[in-house]
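Order-wise, the sequence lines are chains A and B. When we follow our numbering, the leftmost residue of the first sequence carries the number 49, and every step to the right adds one. When we follow our numbering, the leftmost residue of the second sequence carries the number 49, and every step to the right adds one. Heads up, the beta-carbon is just placed ideally off N, CA and C, and yes, glycines get one too.
There are 2 protein chains.
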Amino acid sequence: MSAPTPPRPVRADAERNVTRILEAAKVVLADDPTASLERIADEAGLARATVHRRFSSRKALLEALFAQLNDQYLHALTEARAETAPPLVALHRVTELVIEIKFRHRLAVEVVNGSGVGHSFLSPEVQERAKELFVRLHEAGAITAANPSWCLRVYLAILDEVHQLPVGAPELGDGDDLTARTALQVSTVLGALGHR
Amino acid sequence: MSAPTPPRPVRADAERNVTRILEAAKVVLADDPTASLERIADEAGLARATVHRRFSSRKALLEALFAQLNDQYLHALTEARAETAPPLVALHRVTELVIEIKFRHRLAVEVVNGSGVGHSFLSPEVQERAKELFVRLHEAGAITAANPSWCLRVYLAILDEVHQLPVGAPELGDGDDLTARTALQVSTVLGALGHR
DNA sequence: CACAAATGCAACACCTAAGTCTCACTTATG
DNA sequence: CATAAGTGAGACTTAGGTGTTGCATTTGTG
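Given below as structure tokens:
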């Protein structure tokens, strides 16, 4: 019934500003999870009104941010062949990718509104695929912990600590930073979950 | 010069309300770290004005809360003879006490203002005495991790996860809850830090 | 008991942030 | 280049929280 509204494509600079705002939000919210939209707008070099034009509300902005992060995690799981490669190999690969993502996407964990139960922002799909990896690790005898939910929680908790380690920390040795963090994360998690 | 103001002692009910407010704050802030003073006052069964009378500002209330928590940690370290008992024994004792404290004192980790670096609210004294215990664990050959700061961070990160486990969780077996959590915390931490 | 202390209640001023709107302007794109 | 989309700047409303005050009332304590 409705006249076929000529699909005017979104203008390129508007699309560009969306990503600018998201980038700025990552930086600012990492420093202060309760930062105002004005601070984010300043960081993006835009007016506050423009932020409201691209994102209907603060909530919408945060959701877009988490959706983006989730997509990257999903991509990492696929990239690392989490469900087909030998589980220890997959764990290494995923860990390296995830640490990279966390470095760029320095989102404060507790950006959520009220009930800030850690890491609950992970999509069900990401959680399922991650848990599957821990099941395979258990079956392969790499860990003794049998509950994948528990494994994931421990993994993420340690991941935060590894992420927050300063660059020159003694735990990281003197080699490549990413390699060192990955090794520390993997060995710490395997130990925590009952390496044998 | 000043006349010796007759030291009128604080009235008993006022003192009682101070503890009521602190208790209410624990409950409410655990649910939402940004909860208003009005919610805390309601939980305490008092008027909001009374909260302001006992604590000059929101900041002062939070500081009192953290000070209380710190005192309890300090007491736990002493109670467990953290610096004199065999390190593994001390670790068990401290862990059991700390889990008890965390259960009562269910303060959300990130109540702090802006830069919510996890657990930075621990007083220097608590941190030092805790680190000392990890140094002793390393010297005794119980762990391979040598950096006490790293050990403490991992310990606290895992502590949060153990604390958040629901009561009937499979990891906890079917015995006494406190005993099971303590065992899980200790074994997980020792594994993470390079048990041998 | 008498008095001072403490509270409840309600009003107040103040602040910050979110979200909306207008209007003059710039800029992308057919 | 002509037009529509997008932006910046600013004013404005709304909402919620903090901190303060006055006053009547309750409650503890010497």
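CB contact below 8 Å: residue i versus chain B
i	result
P17/A	The question about residue 17/A has no answer here: the residues shown for chain A are numbered 49 through 244.
V159/A	Legend: pLDDT at V159/A = 48, less than 50; position of this residue unreliable, value from coordinates given subsequently. It does not: the Cβ of V159/A has no partner Cβ on chain B nearer than 8 Å.
H211/A	no
P214/A	no
Whole-angstrom C-beta distance between residue j and residue i, which should lie under 8 Å
i	j	result
V202/A	T236/B	7 Å
R102/A	E86/A	Actually they do not touch by this definition, with Cβ atoms about 15 Å apart.
I147/A	H243/A	With a Cβ gap of about 20 Å, I147/A and H243/A do not count as contacting.
R154/A	A228/A	Between A228/A and R154/A the Cβ distance is about 19 Å, and since that is not below 8 Å, they are no contact.
Residue from the options whose Cα sits closest to the Cα of residue i
i	options	result
G239/B	P218/A, L109/A, L226/A, I206/A	I206/A
V174/B	L226/B, T126/B, P135/B	T126/B
S84/A	A231/A, T192/A, L110/A, L170/A	L110/A
L181/A	S171/A, H153/A, H140/A, L170/A	H140/A
A217/B	L113/A, R154/A, C199/A, G223/A	C199/A
P214/B	S197/A, D225/A, I88/A, R229/A	S197/A
V137/A	H100/A, D90/A, T230/A, F103/A	T230/A
N118/A	A178/A, Q233/A, G189/A	A178/A
A75/A	P172/A, F151/A, L204/A, A193/A	Note that residue 75/A is Val in the sequence shown here, rather than Ala. Comparing Cα positions, the closest option is F151/A.
R64/B	P81/B, T82/B, D80/B, V99/B	V99/B
A188/B	L226/B, P134/B, R106/B, R129/B	P134/B
I149/B	T132/B, L113/B, P81/B, D90/B	L113/B
N195/A	G221/B, A128/B, P57/B	G221/B
T82/B	V66/B, A62/B, R106/B, D61/B	R106/B
S104/A	F169/A, D61/A, A190/A, V66/A	V66/A
V234/B	G223/B, D80/B, A190/B	A190/B
E131/A	E176/A, L170/A, S171/A	E176/A
S171/A	D61/A, A62/A, L122/A	L122/A
R184/A	R129/A, D224/A, D61/A	R129/A
Contact set between residue i and chain B, taken where Cβ atoms lie within less than 9 Å
i	result
T236/A	A193, V202, G239, A240, L241, G242
P218/A	A194, N195, W198
Interface partners of residue i on chain A, CB under 9 Å
i	result
A205/B	V202, A205, I206, D208, E209
Residue-level contact to chain A via CB, residue i, 8 Å cutoff
i	result
G162/B	Residue placement at G162/B is flagged as unreliable, the pLDDT there being 38, under the threshold of 50; the coordinate-derived value follows with that caveat. Output row for G162/B: interface = yes.
Residue i vs residue j beta-carbon contact at 8 Å
i	j	result
A72/A	I88/A	yes
L94/A	A124/A	no
L70/A	Q116/A	yes
R59/A	A92/A	no
E219/B	L232/B	yes
T192/B	L226/B	no
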